[in-house]
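Structure first, then comments.
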Amino acid sequence: MALGLAPKKTPPARKKQRKAKQAAAKSQNKSGEIPLDQAYRIREKEERLKKEQAVAQKREQERQRRLVNQKIKAAVKEHSVRDPAADTKRSFIYKGRIRSVLATREQIREINSGSLGVVYLSGNYHLMPIEPTEEIRTFAPDHIPDLQGADIEGEEDNPVPDDLIW
Numbered sequence: 013m014a015l016g017l018a019p020k021k022t023p024p025a026r027k028k029q030r031k032a033k034q035a036a037a038k039s040q041n042k043s044g045e046i047p048l049d050q051a052y053r054i055r056e057k058e059e060r061l062k063k064e065q066a067v068a069q070k071r072e073q074e075r076q077r078r079l080v081n082q083k084i085k086a087a088v089k090e091h092s093v094r095d096p097a098a099d100t101k102r103s104f105i106y107k108g109r110i111r112s113v114l115a116t117r118e119q120i121r122e123i124n125s126g127s128l129g130v131v132y133l134s135g136n137y138h139l140m141p142i143e144p145t146e147e148i149r150t151f152a153p154d155h156i157p158d159l160q161g162a163d164i165e166g167e168e169d170n171p172v173p174d175d176l177i178w
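Count along the sequence shown starting at 1, add 12, and that's the number in the working numbering.
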């Protein structure tokens, strides 16, 4: 204590208190419960993993869709039978709605006979011979509309009489 200097004080026992709290927390963990902050970290990590998996799955689906569209685009470019003189609409049901494609009368006869098919690509409908259309149906059946029309169930049960005059 020379020259007015105070004796050095010993630092408080905070480290000991902190270690005692950690030891108490570890003893509680032995009972099977996990601390709340650790539970939140685990839940946050699981949610992040689920979100990353969902994003990866969506990317994969988009990649598959682009590959299918590329294949269809190549087939349409090679086999499309678009006629600039087409003036008649041929209607059909696609995905629950009535759609139409422009065709000549000869093409409509071929569609009705089954030698021409329709392929959907990027909002447009393209006329193609039936062979490439069937190839597309093997890997992308949702791009080929049903041209047969809707079959009304029970039509056979209630036939129209032959003697009916309208």
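C-beta: ideal position from N, C-alpha, C; glycine also.
Residue 83 places its beta carbon less than 9 Å from that of residue 148. Below 8 Å, enough C-beta pairs join the segment 94-113 and the segment 135-147 to call them touching: three or more. In the three-state reduction of the DSSP assignment, residue 171 falls in the coil class, being assigned neither a helical nor a strand state.
At a Cβ-Cβ threshold of 9 Å, residue 157 and residue 105 count as neighbours. For residue 87, the number of other beta carbons within 10 angstroms of its own is at least 16, and it is reported as buried. Relative to the Cα of residue 94, the nearest Cα in the group 119, 103 and 85 belongs to 119. Counting every other CB atom within 10 Å of its CB across the protein chains shown gives residue 79 a total below 16, marking it as exposed.
Sequence-distant Cβ neighbours of residue 92 in its own chain, meaning closer than 8 Å and more than five residues away, are 138, 139 and 140. Excluding its 5 nearest sequence neighbours in each direction, residue 100 has C-beta neighbours in its own chain below 8 Å: 114, 115, 116, 117 and 120, listed in chain order. In this structure residue 142 touches residue 128 by the C-beta definition: roughly 7 Å separates them, less than 8 Å.
Separation of residue 49 and residue 30 (C-alpha to C-alpha, rounded to the nearest whole angstrom) is 17 Å.
Residues 129, 131 and 156 of the same chain have their beta carbon placed closer than 7 Å to that of residue 145, with the five preceding and five following residues left out of the count. Judged by DSSP in its simplified three-state form, residue 141 adopts strand. Around the beta-carbon of residue 123, 16 or more other beta-carbon atoms lie within 10 Å, marking it buried. If one requires a minimum length of 3 residues, the beta strand (DSSP E) runs lying completely within the segment 36-120 are 100-106 and 109-115, in chain order. Boundaries of the beta strand (DSSP E) harbouring residue 133: 128-133, taken from the DSSP string.
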